[in-house]
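Input: a single structure, listed below in structure tokens.
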Amino acid sequence: MNTPERSSAFILDDDEEKIEYFADTKVSNAGTFTFNKEDHTVANLLRMQLLRDPAVKFAGYMHPHPLIHKINLKIQTSTSQVAPAETLSAAIEDLSNETDHLITQVTDGIDKWKKENDTGVMGM
Numbered sequence: 040m041n042t043p044e045r046s047s048a049f050i051l052d053d054d055e056e057k058i059e060y061f062a063d064t065k066v067s068n069a070g071t072f073t074f075n076k077e078d079h080t081v082a083n084l085l086r087m088q089l090l091r092d093p094a095v096k097f098a099g100y101m102h103p104h105p106l107i108h109k110i111n112l113k114i115q116t117s118t119s120q121v122a123p124a125e126t127l128s129a130a131i132e133d134l135s136n137e138t139d140h141l142i143t144q145v146t147d148g149i150d151k152w153k154k155e156n157d158t159g160v161m162g163m
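First residue of the sequence shown: 40, per this note's numbering; consecutive thereafter.
Put into structure tokens, the structure is as follows:
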């Protein structure tokens, strides 16, 4: 068949880095991060989290082609005091904290539901 292996969409090759950074030479306080083996899911989450940061002037991403598993995320900060890499790191940390909070809330909700609906074996 003429289809690529499914694993090529998410397993890095030996010579690939997960994230690469290229400073922008035309726009000050800006750079492009290339995320290998990622798609719109991660890119949109990062973009939205970055746009919540008041130090971020611009955040956008581009998925070059549906068969190329790569995302280019462009970040421009509003001041030279904050580097694009710092804002990306903070956004990833914030998303991690939100995910942990969500997992805790779901686990607590399931435990509460089980306690409230525990009727014993076969409802007797």
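Every residue gets a Cβ at the ideal spot worked out from N, C-alpha and C, and that includes glycine. These numbers come from a predicted model, not from an experiment.
For the putative contact between residue i and residue j, defined by C-beta atoms under 8 Å, what is the C-beta separation to the nearest angstrom?
| i | j | result |
| --- | --- | --- |
| I110 | V81 | 7 Å |
| L112 | F61 | About 11 Å separates the two Cβ atoms, so there is no contact after all. |
Hey, could you find the ends of the beta strand (DSSP E) residue i is sitting in?
| i | result |
| --- | --- |
| T73 | A69 to N75 |
| L112 | K109 to T116 |
| V95 | V95 to M101 |
| F61 | I58 to A62 |
What residue does the alpha helix (DSSP H) around residue i start on, and which one ends it?
| i | result |
| --- | --- |
| E137 | P123 to E155 |
| A82 | H79 to R91 |
Please state whether the Cβ-Cβ distance between residue i and residue j is less than 9 Å.
| i | j | result |
| --- | --- | --- |
| P123 | F72 | yes |
| K76 | L106 | no |
Using 8 Å as the Cβ pair cut-off and three pairs as the minimum, do the segment 68 to 86 and the segment 119 to 129 touch?
Taking 8 Å as the limit for Cβ pairs, the verdict is that the segment 119 to 129 does touch the segment 68 to 86.
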